[in-house]
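Residue numbers (this note's numbering), protein chains in the order written: chain A, 19 to 253; chain P, 2 to 78.
Yeah, the Cβ is synthetic: ideal placement off N, Cα and C, and Gly gets one too.
Below you'll find the structure, written out as structure tokens, and then a few comments.
So this is what it looks like as structure tokens:
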């Protein structure tokens with residue numbers, strides 16, 4: 019089963035998937051942007067500034083999901099010691115960092131017209147900055163620790179410790195009195211967002227997920243070639 | 002209509018800045034990732050081509066990835 023998902027077996031499909039996503043991505047992006055910027059209604063309280071939600075919320079979701087994936091795969095890597103998992107986590111981390119930074123910056127741009135300030139050291143915002151630091155730690159450990167095995171160990175430990183921060187981010191708005199509003203979309207329970215805003219939000223989320231898949235696959239392919247190149251030198 | 006879209010009742014600066022920063026960051030990461038991938042593919046194919054005929058045959062026969070990179074590289078040149 020594990021051999022089926024080995025790099026050499028899926029390499030061909032990675033290339034095909036990249037081409038497929040490339041072919042549909044820009045059409046979907048245009049549709050999603052039209053809904054986010056033109057067709058979705060302004061909020062009764064926040065006005066048009068609510069449109070920032072269509073980039074801010076998907077970025078935040080992706081940053082949390084990416085780190086959770088990295089941490090869970092790092093735990094699996096500790097147990098099974100699979101090289102493929104290291105390649106996957108290494109490919110996801112830069113994407114996660116970028117979306118964490120985007121969530122912070124767009125959140126700040128949303129905060130100014132809504133709260134009257136660019137930044138506040140409140141629980142949600144501070145825990146997101148801590149998440150960015152965990153991402154930086156993970157990436158830096160792979161870049162600057164020369165011995166690959168040691169780099170994997172250090173980065174895995176960083177990811178596993180960082181996993182504690184994920185529920186803190188998620189529930190920070192419930193546990194502490196913060197400027198940040200509580201979640202409007204709930205997997206269990208009734209969402210408090212109108213469908214005219216939910217639809218563009220989910221569409222933007224889907225487009226951003228496609229973008230992540232595209233970058234992840236390209237980075238994954240690059241990593242595989244880098245390893246093969248290294249092996250070639252041994253000949 | 003275009004003026005309304007740009008101005009957004011006074012929130013245009015914040016909304017357009019958010020979308021622009023996101024778009025620029027995503028485009029930059031895409032460009033850089035694609036460039037790195039192409040460079041690695043090119044270098045890898047070149048290294049295989051530089052091997053002796055015997056070694057090249059051995060590599061291509063034993064590695065699916067090497068043969069795929071080599072064939073896609075030879076298509077592009």
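Q. Along chain A, which residues have their Cβ under 9 Å away from the Cβ of residue 65/P?
A. Result: 26, 27, 29 and 30.
Q) Can you give the Cα-Cα distance for residue 23/P and residue 224/A, rounded to whole angstroms? A) 15 Å
Q) Out of curiosity, what's the CA-to-CA distance linking residue 184/A and residue 148/A? A) 10 Å
Q) What is the residue span of the alpha helix (DSSP H) that residue 69/A lies within? A) Here residue 69/A belongs to no alpha helix (DSSP H), and DSSP marks it neither H nor E.
Q. What residue does the alpha helix (DSSP H) around residue 50/A start on, and which one ends it?
A. 25–52
Q) With 16 as the cutoff for other CB atoms within 10 Å, does residue 29/A come out buried or exposed? A) Counting Cβ neighbours within 10 Å, residue 29/A comes out buried, since at least 16 surround it.
Q) If we ignore side chains and look at the alpha-carbon of each, how far apart do residue 119/A and residue 111/A end up? A) 12 Å
**Q.** Where residue 239/A meets chain P, residues with beta-carbon distance less than 7 Å
**A.** 38
Q.
According to DSSP, is residue 61/A part of a helix, a strand, or is it coil?
A. strand
Q | C-alpha gap between residue 138/A and residue 242/A, whole angstroms | A | 42 Å
Q. Among 65/P, 57/P, 70/P and 48/P, which one has its Cα closest to the Cα of residue 248/A?
A. 48/P
Q.
Strictly below 8 Å CB to CB, what residues from chain P border residue 124/A?
A. 19, 22 and 23
Q. Is it right to say residue 192/A is buried, meaning 16 or more other beta carbons lie within 10 angstroms of its own, or is it exposed?
A. Sixteen is the threshold: since fewer than 16 other Cβ atoms of the shown chains lie within 10 Å of the Cβ of residue 192/A, the residue is exposed.
Q | Residues, ordered as in the chain, of the region 101–116 of chain A that lie near chain P by beta-carbon distance below 8 Å | A | Listed by position along the chain: 112, 113 and 116.
Q: With a cut-off of 8 Å on the beta carbons, I'd call residue 88/A and residue 162/A a contact; round off their distance for me.
A: With a Cβ gap of about 18 Å, residue 88/A and residue 162/A do not count as contacting.
(Q) Taking only three categories from DSSP, how would you classify residue 195/A? (A) coil
Q. Chain P beta carbons: is any one of them nearer than 8 Å to that of residue 131/A?
A. yes
Q. So which residues of chain P does residue 149/A contact, with C-beta pairs closer than 9 Å?
A. By Cβ distance, chain P contributes nothing, its closest Cβ being about 17 Å from residue 149/A, past 9 Å.
(Q) Nearest by alpha-carbon distance to residue 143/A: which of 189/A, 221/A, 102/A and 131/A is it? (A) 189/A
Q) How big is the Cα-Cα spacing for residue 33/P and residue 31/A? A) Taking the straight line joining both Cα atoms gives about 22 Å.
Q: Find the residues of chain A that neighbour residue 54/P, judging by a C-beta separation of less than 8 Å, and give them in chain order.
A: Those do not exist, as residue 54/P stays about 13 Å from chain A at its closest Cβ, beyond 8 Å.
Q. Within the 8 Å Cβ cut-off, does residue 79/A reach chain P?
A. Any Cβ of chain P closer than 8 Å to the Cβ of residue 79/A would place that residue at the interface, and such an atom is absent.
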